[in-house]
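Reading through the structure tokens given below for one structure.
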Amino acid sequence: MLTEKDKRWIEATAEKINCKMAWVSEKSKEKIPYTTVNGTYDSYDSSDKSYRISEGLNWWTNGFWGGMMWLMYHETKDEKYADIARFNEEKLDQCIEDYYGLHHDVGFMWLLTAVANYRITGNKESKKRGLHVANLLAGRFNPVGKYIRAWNEWGSDNNKGWAIIDCMMNIPLLHWASEETGDPRFRHIAVMHANTAMENFIRPDGSSEHIVEFDAEAGGKLDTHGGQGYEKGSSWTRGQSWALYGFILSYMHTKNPAYLDTAKRVAHYFIANIPESGLIPIDFRQPKDDIWEDSCAAAIAACGLIEISKAVGEHEKNLYLGAALKMLKALEAKRCNWTEDSDGIVENCSEAYHTNKHMNIIYADYYFMEAIFKLKGEDIFLW
Ligand code: GLY
4 MLTEKDKRWI EATAEKINCK MAWVSEKSKE KIPYTTVNGT YDSYDSSDKS
54 YRISEGLNWW TNGFWGGMMW LMYHETKDEK YADIARFNEE KLDQCIEDYY
104 GLHHDVGFMW LLTAVANYRI TGNKESKKRG LHVANLLAGR FNPVGKYIRA
154 WNEWGSDNNK GWAIIDCMMN IPLLHWASEE TGDPRFRHIA VMHANTAMEN
204 FIRPDGSSEH IVEFDAEAGG KLDTHGGQGY EKGSSWTRGQ SWALYGFILS
254 YMHTKNPAYL DTAKRVAHYF IANIPESGLI PIDFRQPKDD IWEDSCAAAI
304 AACGLIEISK AVGEHEKNLY LGAALKMLKA LEAKRCNWTE DSDGIVENCS
354 EAYHTNKHMN IIYADYYFME AIFKLKGEDI FLW
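Going by my numbering, the first residue of the sequence shown is number 4, and it counts up by one from there.
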């Protein structure tokens, strides 16, 4: 149960988001931001590759800005937000046209842009985009191993058998496609992938692997990899968040209680590891004295915990809601920048334990906003 004090904090935080987004959206309306450079949003369209060499328009995060704009449109009914979201959506058409370079993260990219647009406005072109990329995602399914293959080849790596826990967040696109078309094929793939993830990624203690390697020809689990976490066998916190939120989303789409149980098991592991500060490390098993945090993990997990709290009985709700509030309040008090010094809001986001750390990353802002609007109780469901 939210207290009166919690409700006042939620209202005040939503107001801070409104104030910040009013000017950031105006300043960035022709960008698709990923991070900030000296406080100003960069843009991950193909014209600007100066900051990173390998990613352009098909960078997996390129739907979050559009998603933020749809959240703001829903919150304010200000058409300017819808226009910016449409700009993001239309820019991504080039990725569909190019095809090469597309990957398993089409759910992140198009659920928050085209599918959001279709859900909110009924736009037929947007529906077509959503169905098109749902077919691309379904085409990545390996029917022998029953998993959606992650990424594409890079260098000489043979990663044909790799699946990652993050992909639990892409499969809602398949549920949407089945709901829209009445054709259960997409849902069957989503369910088979989720079942494979439940059996092969979630460890007995409720933590999750990041990468599981399957035999791409014969099926069967071959190995696990530490991926973006500290090391093999460690516990990359964003991966825990993808599992937590991903399984409760699968439950919401299917009502299969096994997914709710799995989301709760991951949540219990996560909650047991939240530090006193409420700030989340990059990996729950990184060396004890490390200062490295990942605010994205906190914001994503908060969204999942709020959804779990809605799915469980009265006596359980507070466990999940309380943990979500603890992390969100810690982020708001210590890691949110509400000034005009930076276009980004949430700070101390980290790409991976061994790469870029303590920066702005667009989806921390997206999930922080989503969590606050969920708590306000007037949110729009985009997954
Ligand atoms: N899905 C990739 C990441 O979380 O960094």
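A virtual CB, placed ideally from N, CA and C, is assigned to each residue, including glycine.
In the three-state scheme derived from DSSP, where H, G and I count as helix and E and B as strand, residue 239 is classed as strand. Residue state for residue 32 is assigned as coil, using DSSP reduced to three classes. Relative to the non-hydrogen atoms of the ligand GLY, the Cβ of residue 231 comes within a distance shorter than 8 Å of at least one.
Between residue 306 and residue 366 a beta carbon distance of about 11 Å is seen, past the 8 Å cut, so the two are scored as non-contacting.
Of the other Cβ atoms in all chains shown, fewer than 16 fall within 10 Å of the Cβ of residue 293; this residue is therefore exposed.
In the three-state reduction of the DSSP assignment, residue 154 falls in the coil class, being assigned neither a helical nor a strand state. Pairing residue 135 with residue 235, the inter-Cα distance amounts to about 36 Å. In this structure, the beta-carbon distance from residue 274 to residue 326 falls below 9 Å. Taking 8 Å as the cut-off, the C-beta of residue 355 counts as close to a heavy atom of the ligand GLY.
Between the ligand GLY and residue 63, a heavy atom-to-CB distance of less than 8 Å is present. Residue 21 and residue 174 have their alpha carbons spaced roughly 30 Å apart. Between residue 144 and residue 152, the C-beta spacing is below 9 Å.
For residue 4, the secondary structure class from DSSP, reduced to helix, strand or coil, is coil. Short of 7 Å from the beta carbon of residue 352, and not among the five residues preceding or following it, lie these beta carbons of its own chain, in chain order: 297, 298, 299, 362, 363, 364 and 367. In this structure, DSSP gives residue 260 a helical state, which the three-state scheme calls helix. Residue 192 and residue 216 have their C-alpha atoms some 18 Å from each other.
Rounded to the nearest whole angstrom, the C-alpha separation of residue 198 and residue 263 is 12 Å. DSSP lists 224 as the beta-bridge partner residues of residue 217. In this structure, residue 140 lies near residue 107, with their beta-carbon atoms less than 9 Å apart. Around the beta-carbon of residue 341, fewer than 16 other beta-carbon atoms lie within 10 Å, marking it exposed. For the options 89, 103 and 244, the alpha carbon positioned closest to that of residue 118 is the one of 89.
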